[in-house]
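Notes follow the structure.
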Amino acid sequence: MEIREEEIRVRRAVEEAAWEERRQKKLAKRQAKIDANGGFTDLQLYGLGILIAAVPAALAVGIYYLTR
16 MEIREEEIRV RRAVEEAAWE ERRQKKLAKR QAKIDANGGF TDLQLYGLGI LIAAVPAALA
76 VGIYYLTR
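Laid out in structure tokens, this is it:
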């Protein structure tokens, strides 16, 4: 019985090490993408793009209705 428990502990330790390695690779990939984007995440860049597109459109609509 003790051998089985030891096998389980070893297997769990190996799985945890593999999981941690995958996690570190994922974090490194995410950080590389942020660095490539000039320090911004994709979501921040999408928000900035929407803001850049929406503000002039809103101003144009507002000016149109104010001058009618």
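Those letters in the sequence shown? Residues 16 to 83, per our numbering, in order.
For glycine and all other residues, C-beta sits at the position ideal for the given N, C-alpha and C.
Query, Result
"N- and C-terminal bounds of the alpha helix (DSSP H) containing glycine 54", "Looking at the DSSP string, glycine 54 is not in any alpha helix (DSSP H), and its letter there is neither H nor E."
"Helix, strand or coil at arginine 19 according to DSSP, with G and I counted as helix", "helix"
"Separation of glutamate 35 from alanine 47, as counted between CA atoms", "18 Å"
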